[in-house]
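Reviewing the structure listed below.
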Amino acid sequence: MKKRLITYLSYLSLLSYALSTTLVGPALSEIQNCFQVRESELGLLFAFQSIGFVSFVLLGGYLIDRYNIKLVNVLGQLDLSLGLLILSKAEAFSTAIFGFCLVGISGALIEVSTNTTISYLYQDKRASSLNLLHVYFGPGALIGPLFSAFLLNTGLKWQSVYLYAFILSGITLGLFLIQRFPERVEVDKVDFSLFFKILKSRWTILLGIAIACYVGAEMGTNNWVILYMERELSAKKLSASFFLTNFWLAMTVGRVLCVFLGKKIKEENLLFSLSISSVIFYVLFLFSFKLLSSGLFLILLGFSFSGIFATIIALGASRFPQALGTINGIIMTAVGIGFMLFPWLIGVLSTFSSLRGGMFLILFLLVMLSATSYRLIRS
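Just so we're aligned, residue 4 is where the sequence shown starts under my numbering, counting upward by one.
Right, dumping it as structure tokens:
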């Protein structure tokens, strides 16, 4: 087992998933036109992606604790490749929904396996190491929207965008198959009594609420902001994609900074500070009616989002080091619930009011995140 190679492979796996899940922003209007569906129906893509995530994330954590981590890594990358291949061939809306569901399943397995791997390999510096892992989510999320917009502007169908992502995922899968991993990432054998003890912990419940709100806000922004800018601010697709790309770039830069802040600032305090700044910049974004100022505040929002996800994971791992796979599985289940419910709800609210009205749900989620972060400090 080579620690450095496993670390880099975890980075590549998360990068490939990030690229795959951020392709949809620029393609959303093309998908809507292709299948002639309303916003509420379009939101089903995100809902079923999250259903796939929620359905498998606890199983992924359990398999890691009971068996080995390589199994979960390989299954996650294999499933991502299959989902992308199906999307590249989709000619019916039901097929696209199925493809998104498979991508959701892969996200569950990839997220829980990569976070558990890094938590295990770098037990003495979890917060900074997990922030560094999620730095590598950034390049994929940076490339995804621009790459998707570029291909669509050349006249390619949206399905072709997913075919290119399939190639990257297939290469990553091949590397996983030939790499040796540690047989187990636990010392203690996890049983159901420990599982339920962790599940009922007040700390776990607070972390679950926090990460569900965060992911709902992050993916709601990622999935809907380009369509929002096109409709509400009369932006061109490439211009809106440029701002979304820089949103992810700011998040990546912020995660690099959080690698160092995680060594200096208590994790609960770092989480609260980032949550409050997210509320401020999202309010400014939502009440900006010029494309340039709106785009600027979107970028600053990305910077504020930067360390939230990894810091929540680190808080869970620090509280339950004897069951890394299990606590990560529980937290990732909350991730899936947030992703399943809130981006879809934005579509529903937009159908009955306006897209701007639907985007107010993200503000509510960020306020909830800040309140929960404060409760974590008090706990």
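Backbone N, C-alpha and C fix where the C-beta goes; we use that ideal spot for every residue, glycine too. Predicted model only: the values in this text are computed from it and were never measured.
What residues in its chain sit with their C-beta under 7 Å from that of residue i, if we drop five residues either side in the sequence?
i	result
Tyr393	Here the chain has residues from 4 to 382 only, and residue 393 is not among them.
Val282	Leu369, Val370 and Ser373
Phe308	Glu221, Met254 and Ser281
Met362	Trp227, Tyr231, Leu289 and Ile349
Ser353	Glu42, Gly360 and Gly361
Leu81	Leu176
Gly385	There is simply no residue 385 to check, as the chain begins at 4 and stops at 382 in what is shown.
Leu145	Thr248, Trp251, Leu252 and Thr255
Ile201	Thr207, Phe323, Ala326, Thr329, Ile330 and Ile333
Tyr285	Leu304, Ile365, Leu366 and Leu369
Ala93	Ala99, Gly102 and Gln162
Could you give the residue range of the alpha helix (DSSP H) that holds residue i?
i	result
Ser357	Where Ser357 is concerned, there is no enclosing alpha helix (DSSP H), given that its DSSP letter is neither H nor E.
Ser237	Premise fails: Ser237 is in no alpha helix (DSSP H) and is neither H nor E.
Asp127	Unbroken run through Asp127: none, as it is neither H nor E.
Gln35	Val27 to Phe38
Ile268	Ile268 -> no alpha helix (DSSP H), and no H or E assigned at all.
Arg69	Glu42 to Arg69
Ala313	Ile311 to Arg322
Leu299	Leu294 to Phe308
Leu78	Ile72 to Ser91
Thr175	Trp161 to Ile181
Ala144	Phe140 to Asn156
What residues in its chain sit with their C-beta under 8 Å from that of residue i, if we drop five residues either side in the sequence?
i	result
Leu124	Lys6, Ile9, Thr10 and Ser132
Ser237	Leu294
Leu26	Gly147, Pro148, Phe150, Ser151, Val164, Tyr165 and Ala168
Val77	Leu176, Phe179 and Leu180
Ala104	The sequence shown places Cys at residue 104, rather than the Ala named in the question. Hits under 8 Å: Phe51, Gln52, Ile54, Gly55 and Gly86.
Using a Cβ-Cβ cutoff of less than 6 Å, which residues in the same chain neighbour residue i once the five nearest sequence positions on both sides are dropped?
i	result
Val75	Gly63, Leu66, Ile67, Leu112 and Ser116
Trp347	Gly46, Phe49 and Ala50
Asp191	Residue confidence for Asp191 is low, a pLDDT of 47 falling below 50, so the modelled location carries little weight; the figure read from the coordinates is stated next. Answer for Asp191: Gln325, listed in chain order.
Ser382	none
Leu90	Gly102 and Tyr165
Leu287	Phe300
Phe140	Leu17 and Ala21
Ala337	Gly211, Ile214 and Ala215
Gly339	Ser53, Phe56, Val57 and Val60
Thr375	Leu209, Ile212 and Ala213
Asn118	Ile316 and Asn331
Val259	Val138
Phe306	Ala253 and Gly257
Glu271	Leu379 and Ile380
Report, in whole angstroms, the separation of the C-beta atoms of residue i and residue j, which I expect to be a contact under 8 Å.
i	j	result
Leu372	Leu209	Contact flag wrong, Cβ pair sits at about 11 Å.
Ser19	Gly143	6 Å
Cys261	Asn71	In fact, because the Cβ distance is near 30 Å, the residues do not count as touching under 8 Å.
Gly28	Asn225	6 Å
Ile311	Ile334	Rounded, the Cβ-Cβ distance is 13 Å, inconsistent with contact.
Leu87	Val60	No, Leu87 and Val60 are not in contact; Cβ-Cβ is about 19 Å, not under 8 Å.
Phe355	Gly219	At roughly 19 Å, the Cβ-Cβ gap does not stay under 8 Å, so Phe355 and Gly219 are not in contact.
Leu83	Ser23	6 Å
Phe245	Lys73	At roughly 39 Å, the Cβ-Cβ gap does not stay under 8 Å, so Phe245 and Lys73 are not in contact.
Phe96	Gly223	Not really, about 21 Å apart at Cβ, beyond 8 Å.
Arg383	Ser321	No information on residue 383 is available, as it lies outside the stretch 4 to 382 that the chain covers here.
Going by the C-beta, is residue i closer than 7 Å to any heavy atom of the ligand COA?
i	result
Val228	In the structure on display, the ligand COA does not appear, and there are no ligands present to speak of.
Measuring CB atoms only, is the region 195-203 touching the region 325-334, in the sense that at least three cross pairs come out at less than 8 Å? Under the three-pair Cβ rule at 8 Å, the region 195-203 counts as touching the region 325-334.
For the 8 Å Cβ check, are there 3 or more pairs between the region 287-307 and the region 171-181? Verdict: no, contact absent.
Would you check if the region 246-266 and the region 300-319 touch, i.e. whether three or more CB-CB distances between them fall below 8 Å? By the Cβ test, the region 300-319 is in contact with the region 246-266, since at least three Cβ pairs between them sit closer than 8 Å.
Evaluate the contact criterion for the region 147-158 versus the region 351-365: three or more CB pairs, one atom per stretch, below 8 Å. The region 147-158 is not in contact with the region 351-365.
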